[in-house]
Every structure is written in C-alpha cells, then in structure tokens.
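Novice: Residue numbers (the numbering used here): 7 to 263.
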Amino acid sequence: MVQQTKEQMDAQIDKALKTRLEGNEAFKAGDFTLALRKYHEVLLHLKGLDGQMSSVYGPSQPRASIIEVTDEEGEAEAVASTKPVEDPESKQAQVKTALLNTYLNSAAVYIKQERWQRALDAASAAKKYDEGNAKALFREGQARIGLGEINTGKRILEDLQVKNGPDAAITAALQKLAADEKKREQAKNAQFRGMFNRKNGSGVASKEKAVEEKARTGKSAAPQEKEEEAVAASVAGETTTSAEKTADTRADSSSKV
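(1) When the Cα atoms are used, what is the spatial distance from LYS134 to LYS188?
(2) What is the rounded straight-line gap between the Cα of ARG150 and the Cα of PHE198?
(3) Can you give, in chain order, each stretch of the beta strand (DSSP E) that sits fully within the stretch 163 to 197 and has at least 3 residues?
(4) With a cut-off of 8 Å on the beta carbons, I'd call ARG98 and GLN58 a contact; round off their distance for me.
(5) How big is the Cα-Cα spacing for ALA6 and ARG145?
(6) Ignore the nearest five residues each way along the sequence and tell me which others in GLY29's own chain have a CB closer than 6 Å to its CB.
(7) Between ALA184 and GLN148, which are expected to be in contact by the criterion C-beta below 8 Å, what is the C-beta distance as a whole number of angstroms?
(8) In whole angstroms, give me the CA-to-CA distance for LEU114 and ASP173.
(9) Does the separation of the CB atoms of ASN111 and PHE33 fall below 8 Å?
(10) Within 10 Å of its beta-carbon, does LYS194 have 16 or more other beta-carbons around it, so buried, or fewer, so exposed?
(11) Taking the alpha carbon of ALA125 as the reference point, which residue from GLY200, GLY152, VAL101 and THR158 has its own alpha carbon closest?
(12) Inspect the beta-carbon positions of VAL48 and ALA131 and report whether they are closer than 8 Å.
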C-alpha cells in the first residue's frame, strides 16, 4: 500500500466525514438504499487507516489533566492544557467515532429493512470500536430477535435496561416482543384447536353419516323385503296350482281307461 502524505490523509478523512453526514440525511429522509451506499463509501475511505495514521500523524498523546486554578489567567491556561498536545489524537478519534457511528447507522437501516443477519454483522463491527456501546448492544438484541434468537435478544435488551435505566426505545422493543410472543401463542393455540376440531368433527360426521345411511337403507329395505316375499308366495302358489292340475289330468285319464 502506498504511504499517503498528511494532506492526502486529511482530505480522505474529511471526505469520509462529509459522506457520512450525507448518509445520515438520506437515512432521515427514508432513502435507505442511498444511506447504505454512502455508509459503504465511508467504510471504504476509513477502514485500514489505523496502521497509517500513527506514521503520518505520530503517536496519539493523552490529554493533559485539568489543573485547579483561582484566577482568570490560570483558568485560561487550564483550558488550553485540556486540548490535545498534537492534532493526531483528534484525527484518530474522529476516524474511530465515524466508523463506530457508520456501523451503528448501517445496523439501524438493516433492521428497518428486516435484513437481520446484516444488522447483526454491523452491530458486531460497531462493538469492536466500543464493546459496551449501548446502541450497538441494542441493535444486536433487535437483530438476534429478528433472527429467531428470542431468548438471547431479549436478555440483551433486559440487561441494557438494568444497566442504563428506563429507555423508551428498549421499553418499546420489549413490549413489541411481548406482543409478538402473545400473538404467536394465540396462533399456535388456534391451530391446535382447529386440528382437534377437524379430527373430532370428522368422527362425528362419520357417525352421523352412518346413522343416516342405516336409516335410509332400513326404510327402503322393508318394502323390498315385502315385495320379495309376495313374489315368492306367488311363485309358490303357481307351482301348487300347476301340480294340482297335473294330478287332476292324470286322474281323468285313469277314469277314462
């Protein structure tokens, strides 16, 4: 990688910071596609600068301690002493803050788009710059809930609420989670009842159908049985008459002989 000059790095950082603000404006306007594109540009400009910044700007210097003063002149000196000894610290801090906020806002956009894995990845990346960042943890909790990791996500949100006190966004997220869980439980119960009713209804219907069939068959069988009996009786009668006639004929023949 070609080593940049201080002027080149300044220009790159300033451009990235400006682009991030443009992304924020797009986010506020609801243009999530443009916002993500701007945030991606920021990451392209700023990621990987850490290794070069110390060589370009020099090592970061800690801020001087504030000293107690009793007069205006001493107070002015104390204020001056709180400023970074060198500009590099502020530049490095700007880059770190920009990366943190870019990942946080990217996670927020992904959550609105319900792209839960992307949201989790962005929140995890933000935690690399500030592990205990409340917004990063909040986004992580939302993303995990969206991915179906309900218990893990819920625990993250509840821990945040305990550590940071009441928060409207966290409270709203937990309330929504509770409402969603209630809906899922109701849907599950309704599905179970539907399956039971269909099974039970099928059995009842089968019994009713059997009763109806038996009743219908029973009613139609009675006349049929009577008709069959009448036919049988008629046939039997005809057979008897024919036999009697044959016997009479034979008797007549015998008497004539």
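Idealized CB from N, CA, C, for every residue including glycine.
Specialist: Short version:
(1) C-alpha separation (whole angstroms): 35 Å.
(2) The C-alpha of ARG150 lies about 28 Å from the C-alpha of PHE198.
(3) Entirely contained in the stretch 163 to 197, not one beta strand (DSSP E) run reaches 3 residues.
(4) In the sequence under discussion, the amino acid at residue 98 is Gln, which differs from the Arg named in the question. Rounded, the Cβ-Cβ distance is 11 Å, inconsistent with contact.
(5) The chain is shown only over 7 to 263; residue 6 falls outside these bounds and no answer can be derived.
(6) Excluding sequence neighbours, GLY29 sits near ALA41, LYS44 and TYR45.
(7) With a Cβ gap of about 14 Å, ALA184 and GLN148 do not count as contacting.
(8) Sequence inspection shows Ala at residue 114; the Leu mentioned does not correspond to that position. C-alpha of ALA114 to C-alpha of ASP173: approximately 17 Å in a straight line.
(9) Judged by beta-carbon spacing, PHE33 lies within the 8 Å limit of ASN111, meaning their Cβ atoms are closer than that value.
(10) Burial call: exposed.
(11) ALA125 has its Cα closest to that of GLY152, out of GLY200, GLY152, VAL101 and THR158.
(12) No; because the gap between Cβ atoms is not below 8 Å, this pair is not in contact.
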